[in-house]
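Protein chains: 2
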Amino acid sequence: MDISIVAKRSGVPASTLRYYEEKGLIRSVGRKGLRRLFAADILERLALIALGRVAGFSLDEISSILGGGDNPNIDREMLITKATELDRTIQKLTDMRDGLQHAAACTAPSHLECPRFRRLMGLAASGAIKGQPSNKRVKQSL
Amino acid sequence: MDISIVAKRSGVPASTLRYYEEKGLIRSVGRKGLRRLFAADILERLALIALGRVAGFSLDEISSILGGGDNPNIDREMLITKATELDRTIQKLTDMRDGLQHAAACTAPSHLECPRFRRLMGLAASGAIKGQPSNKRVKQSL
DNA sequence: ACTCAACCTAAAGTTAGCTTTAAGTTGCAT
DNA sequence: ATGCAACTTAAAGCTAACTTTAGGTTGAGT
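Read top to bottom, the protein sequences are chains A and B. The opening residue of the first sequence carries number 173 in my numbering; numbering runs sequentially from there. The opening residue of the second sequence carries number 173 in my numbering; numbering runs sequentially from there.
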């Protein structure tokens with residue numbers, strides 16, 4: 173497949189595909205003149221990459237997870253770790269959402285006088301609800 | 173208060189305080205020689221800013237929300253909007269978390285053979301679970 | 001054969017939110 | 001009066017994940 177076909181089918185721009193290849197996330201199987209040719213399974217690979225991105229992995233993490241070969245063989249423990257991490261994020265965002273909803277409905281003359289809003293401020297300021305600090309090294313598999 | 177005092181009490185680095193002032197997010201009330209002096213209410217302002225950041229607002233958004241004056245007067249409708257946005261993000265992350273948990277427990281020989289995992293891949297690839305900005309955050313560098 | 005849209009590469013630019021650096025100034029303790 | 005830690009500014013640097021640009025090449029349709 174030509175790069176434009178891959179771009180069209182995957183929704184990933186050609187420039188990004190070239191960038192991913194340069195980073196080692198994907199590979200092309202040959203050239204037709206200068207032009208890259210991709211195998212059909214590139215689409216699956218791109219879907220995996222998209223999944224990883226949505227789950228909160230960096231491209232470098234995804235790269236080490238998927239490895240260079242054809243058989244991804246994803247570490248299950250890492251999935252658990254990521255799920256747990258996501259869970260923490262969800263809790264925080266939920267707190268935040270509830271706090272915002274309350275603040276919107278609150279009858280206090282100013283938000284600064286609403287105890288709940290103030291509590292939220294305090295939490296944010298103290299870093300207690302600061303998002304996922306995931307910088308965990310993902311194990312190099314394969 | 174001296175900038176170092178504000179930094180210590182708020183947890184916000186002096187460099188960031190200067191940056192915030194430059195952006196118009198906060199103001200100092202005067203100078204002692206070259207050195208900035210901050211009023212006591214700066215701490216409350218910083219807490220509000222922290223709250224906004226955690227809620228997923230950009231600094232520019234926070235700036236226009238809080239305004240230049242002393243009385244924040246936060247728009248309640250905007251809080252609702254943001255809460256709704258957060259809610260969508262939460263839904264997506266929840267789907268993601270459940271999918272990851274399943275994939276971790278799944279007995280299929282390869283993840284690529286697990287229908288649920290594949291569904292997740294498809295969703296991610298189609299952009300159906302691409303998050304709004306609040307999901308996005310990077311702190312800690314180096 | 002000729003045209004040209006689509007491809008190619010390398011490098012620079014983008015965005016956000018800061019941090020770091022370099023060079024200079026100064027309040028305060030001794 | 002002196003030393004120096006802590007402040008000051010402007011500008012450059014950093015990270016991630018791309019995108020854009022500039023200049024060059026080419027496969028394929030007419």
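For every residue, glycine included, the Cβ atom is placed at its ideal position computed from N, Cα and C. Quick caveat, the model's predicted, so the values are computed rather than measured.
Residue i (DSSP reduced to helix, strand or coil)
i: residue 271 of chain A; result: helix
i: residue 199 of chain A; result: coil
i: residue 251 of chain A; result: helix
i: residue 292 of chain A; result: helix
i: residue 284 of chain A; result: helix
i: residue 242 of chain B; result: coil
i: residue 298 of chain A; result: helix
Span of the alpha helix (DSSP H), counted from its first residue to its last, around residue i
i: residue 215 of chain B; result: 214-227
i: residue 184 of chain B; result: Note, residue 184 of chain B: premise wrong, no alpha helix (DSSP H); not H, not E.
Residue i classed as buried or exposed, judged by whether at least 16 other C-beta atoms fall within 10 angstroms
i: residue 254 of chain A; result: buried
i: residue 217 of chain B; result: buried
i: residue 233 of chain A; result: buried
i: residue 264 of chain B; result: buried
i: residue 177 of chain B; result: exposed
i: residue 269 of chain A; result: buried
i: residue 300 of chain B; result: exposed
i: residue 228 of chain B; result: buried
i: residue 182 of chain B; result: buried
i: residue 282 of chain A; result: exposed
i: residue 187 of chain B; result: exposed
i: residue 236 of chain B; result: exposed
Cβ distance (whole Å) where residue i is taken to contact residue j below 8 Å
i: residue 262 of chain B; j: residue 266 of chain A; result: 6 Å
i: residue 200 of chain A; j: residue 206 of chain A; result: Not a contact, Cβ separation roughly 11 Å.
i: residue 198 of chain B; j: residue 214 of chain B; result: 6 Å
i: residue 284 of chain B; j: residue 223 of chain A; result: Not quite, the Cβ-Cβ distance comes to about 11 Å (not below 8 Å), so this is no contact.
i: residue 296 of chain B; j: residue 179 of chain A; result: About 17 Å separates the two Cβ atoms, so there is no contact after all.
i: residue 241 of chain A; j: residue 196 of chain A; result: Actually they do not touch by this definition, with Cβ atoms about 12 Å apart.
i: residue 274 of chain A; j: residue 288 of chain A; result: 5 Å
i: residue 276 of chain B; j: residue 248 of chain A; result: 5 Å
i: residue 170 of chain A; j: residue 272 of chain B; result: For residue 170 of chain A there is no data in the structure shown, the boundaries of chain A being 173 and 314.
Bounding residues of the beta strand (DSSP E) (the contiguous stretch that carries residue i)
i: residue 238 of chain A; result: Careful: residue 238 of chain A lies outside any beta strand (DSSP E), inside the alpha helix (DSSP H) at 231-238.
i: residue 209 of chain A; result: 207-209
Query raised in the report: Using Cβ-Cβ distances below 8 Å, what residues of the stretch 174-186 of chain B are close to chain A?
Result: 182, 183
**Report entry** Members of the stretch 232-254 of chain B near chain A, C-beta cut-off 8 Å
**Finding:** 243, 244, 245, 246, 248, 249, 251, 252, 254
**Report entry** Residues of the stretch 255-267 of chain B with Cβ closer than 7 Å to any Cβ of chain A, in chain order
**Finding:** 255, 258, 259, 261, 262, 265, 266
Query - Interfacial residues, the stretch 209-224 of chain B to chain A, with Cβ spacing under 9 Å - result: 215, 216, 218, 219, 220, 221, 222, 223, 224
Report task. Anything in the stretch 282-299 of chain A with a Cβ closer than 9 Å to a Cβ of chain B? List those residues in chain order, please. Result -> 282, 283, 284, 289, 290, 292, 293, 294, 295, 296, 297, 298, 299
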